[in-house]
Amino acid sequence: AQSVAQPEDQVNVAEGNPLTVKCTYSVSGNPYLFWYVQYPNRGLQFLLKYITGDNLVKGSYGFEAEFNKSQTSFHLKKPSALVSDSALYFCAVRDTWGGNNRLAFGKGNQVVVIP
Amino acid sequence: GAGVSQSPSNKVTEKGKDVELRCDPISGHTALYWYRQSLGQGLEFLIYFQGNSAPDKSGLPSDRFSAERTGESVSTLTIQRTQQEDSAVYLCASSLVETGLREQYFGPGTRLTVT
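Here the protein sequences come in this chain order: R and E. First residue of the first sequence: 1, per this note's numbering; consecutive thereafter. First residue of the second sequence: 1, per this note's numbering; consecutive thereafter.
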């Protein structure tokens, strides 16, 4: 079964500094990978996805993520964090093997951008 | 266009009562998902509907949980004889034809509190 690990509960970063949110995954086949963001009292919003092709994926709000097959990672990055980026970030993976329709989410990372 | 909507936004119920949660997906989205979000636990998959296919119920935590979907529209999640551990935010998501490539669009959730 597919799974995702987001090793850090909370990430603190100063405004203007680079932001990295870590994600590693486990699948039997090839992965489809997603990042979602959840602002307070809101539903999850899609940020970006990796399906195939270029390992560097660009998404909404200046975020990008790099797929690294050898390290089974899909870390989310933003070159210069904004206070408004403070939110809960979820990594998710779907396994292409076995006809599984399920998307497995990590526990989420709370990002706090300090002014 | 309209996004995924859920009702009620908040529900407080007494232990042992039944509750019904509603989800209106985005028009034209054939895939519909229910998740449960508990504090510090990330998103837990509950059930998945795809068109007229049999739903994937493998995530339902007990036989007190059930869900229905009318065609490709409204879905209801029913929890019978609620317990305090059922307290959580219940999220609904929908996506276009499910190939695993499409991102899911989430509703704002229903916050369920069992007293």
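Ideal placement from N, C-alpha and C gives every residue a C-beta, glycine not left out.
Cβ of residue i less than 8 Å from any chain E Cβ?
i: residue 118/R; result: Outside the shown range of chain R, which is 1 to 115, sits residue 118/R, and nothing can be said about it.
i: residue 22/R; result: no
i: residue 29/R; result: no
i: residue 44/R; result: yes
i: residue 53/R; result: no
i: residue 16/R; result: no
Per DSSP, what are the beta-bridge partners of residue i in this structure?
i: residue 92/E; result: 34/E
i: residue 92/R; result: 34/R and 105/R
i: residue 75/E; result: 23/E and 69/E
i: residue 77/R; result: 20/R and 64/R
i: residue 42/E; result: 38/E
i: residue 3/R; result: 26/R
i: residue 5/E; result: 24/E
For residue i and residue j, I'd like the C-alpha separation in whole angstroms.
i: residue 77/E; j: residue 64/R; result: 35 Å
i: residue 29/R; j: residue 22/R; result: 21 Å
i: residue 7/E; j: residue 25/R; result: 33 Å
i: residue 107/E; j: residue 31/R; result: 25 Å
i: residue 38/E; j: residue 69/R; result: 30 Å
i: residue 101/E; j: residue 89/E; result: 26 Å
i: residue 90/R; j: residue 33/R; result: 11 Å
i: residue 49/R; j: residue 66/R; result: 10 Å
i: residue 33/E; j: residue 104/R; result: 12 Å
i: residue 46/E; j: residue 87/R; result: 24 Å
i: residue 44/R; j: residue 17/E; result: 29 Å
i: residue 107/R; j: residue 27/R; result: 17 Å
i: residue 82/E; j: residue 64/E; result: 8 Å
i: residue 20/E; j: residue 75/E; result: 10 Å
i: residue 80/R; j: residue 17/R; result: 5 Å
i: residue 56/E; j: residue 30/E; result: 14 Å
i: residue 5/E; j: residue 42/R; result: 12 Å
i: residue 51/R; j: residue 2/R; result: 15 Å
i: residue 102/R; j: residue 48/E; result: 8 Å
i: residue 14/R; j: residue 72/R; result: 28 Å
i: residue 42/E; j: residue 36/R; result: 12 Å
i: residue 12/R; j: residue 73/E; result: 41 Å
For a cutoff of 8 Å on Cβ pairs, would you count residue i as touching chain R?
i: residue 16/E; result: no
i: residue 43/E; result: yes
Taking only beta-carbon atoms, is residue i less than 8 Å away from chain A?
i: residue 51/E; result: Looking at the structure shown, chain A is missing, and the protein chains on hand are R and E.
>> Beta carbons nearer than 7 Å to chain E: which residues of the segment 59-70 of chain R have them?
In response: Taking a C-beta cut-off of 7 Å against chain E, none of the residues of the segment 59-70 of chain R qualify.
> Does the segment 52-63 of chain R come within contact of the segment 7-14 of chain R, defined as at least 3 CB pairs closer than 8 Å?
Replying inline: Taking 8 Å as the limit for Cβ pairs, the verdict is that the segment 7-14 of chain R does not touch the segment 52-63 of chain R.
> Just by C-beta distance, which residues in the segment 73-102 of chain R are closer than 7 Å to chain E?
Replying inline: Interface annotation for the segment 73-102 of chain R against chain E: 90, 94, 96, 101 and 102, criterion Cβ-Cβ distance under 7 Å.
>> Under 8 Å, with one C-beta from each stretch per pair, do the segment 8-25 of chain E and the segment 104-113 of chain E reach the 3-pair mark?
In response: Taking a cut-off of 8 Å on C-beta distances, the segment 8-25 of chain E touches the segment 104-113 of chain E, as three or more cross pairs fall below it.
>> Below 8 Å, how does it come out for the segment 57-70 of chain E and the segment 83-97 of chain R: are there three or more Cβ pairs, yes or no?
In response: Contact fails: fewer than three Cβ-Cβ distances are below 8 Å.
>> Which residues of the segment 87-108 of chain E have a Cβ closer than 8 Å to any Cβ of chain R? Give them in chain order.
In response: Within the segment 87-108 of chain E, 91, 93, 98, 100, 101, 103, 104, 105, 106, 107 and 108 place their CB atoms closer than 8 Å to a CB of chain R, listed in sequence order.
>> Any contact between the segment 18-28 of chain E and the segment 80-100 of chain E? By contact I mean 3 or more CB pairs, one from each, below 8 Å.
In response: Taking 8 Å as the limit for Cβ pairs, the verdict is that the segment 80-100 of chain E does touch the segment 18-28 of chain E.
> Are the segment 105-113 of chain R and the segment 48-64 of chain E touching, with three or more C-beta to C-beta distances below 8 Å?
Replying inline: Counting C-beta pairs closer than 8 Å gives fewer than three between the segment 105-113 of chain R and the segment 48-64 of chain E, which falls short of the contact rule.
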